[in-house]
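**Q** In terms of our numbering, the sequence shown is residues 10 to 55.
One structure follows; several queries about it will come next.
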Amino acid sequence: MKGRAEHWRPVRARDLPAKWQKRFFATKIYVLYFSDRVRKWKYGIF
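Right under this line is the structure:
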């Protein structure tokens, strides 16, 4: 089943060159953190 799953899976960090991996993870973490901050600010959940 591993081969099938990889067809629809989004971009993976290991597929990118080494110099892009850090930026990939940094962007991912920033988006998750920022969206969480916006959600808390929007709904007043702190």
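C-beta atoms are modelled at their ideal positions from N, C-alpha and C, and glycine is treated no differently.
Note that this is a predicted model, so its numbers are computed, not measured.
Rounded to a whole number of angstroms, what is the C-alpha to C-alpha distance between Ile38 and Lys49?
**A** Within the sequence shown, residue 38 is the residue found at index 29, counting from 1. Within the sequence shown, residue 49 is the residue found at index 40, counting from 1. Near 17 Å, if we compare the C-alpha coordinates of Lys49 and Ile38.
**Q** Measuring only the C-alpha atoms, how far is Gly53 from Thr36?
**A** For the purposes of this step, residue 53 is taken as the residue at position 44 of the sequence shown. For the purposes of this step, residue 36 is taken as the residue at position 27 of the sequence shown. Each residue's Cα considered, the two are about 25 Å apart.
**Q** How is the alpha helix (DSSP H) around Asp45 delimited, first residue to last?
**A** The sequence position of residue 45 within the sequence shown is 36, counting from 1. Note, Asp45: alpha helix (DSSP H), Ala27 to Tyr52.
**Q** Straight-line CA distance for Tyr42 to Lys31?
**A** Within the sequence shown, the letter at position 33 stands for residue 42. Within the sequence shown, the letter at position 22 stands for residue 31. Using only the alpha carbons, I get a separation of about 16 Å.
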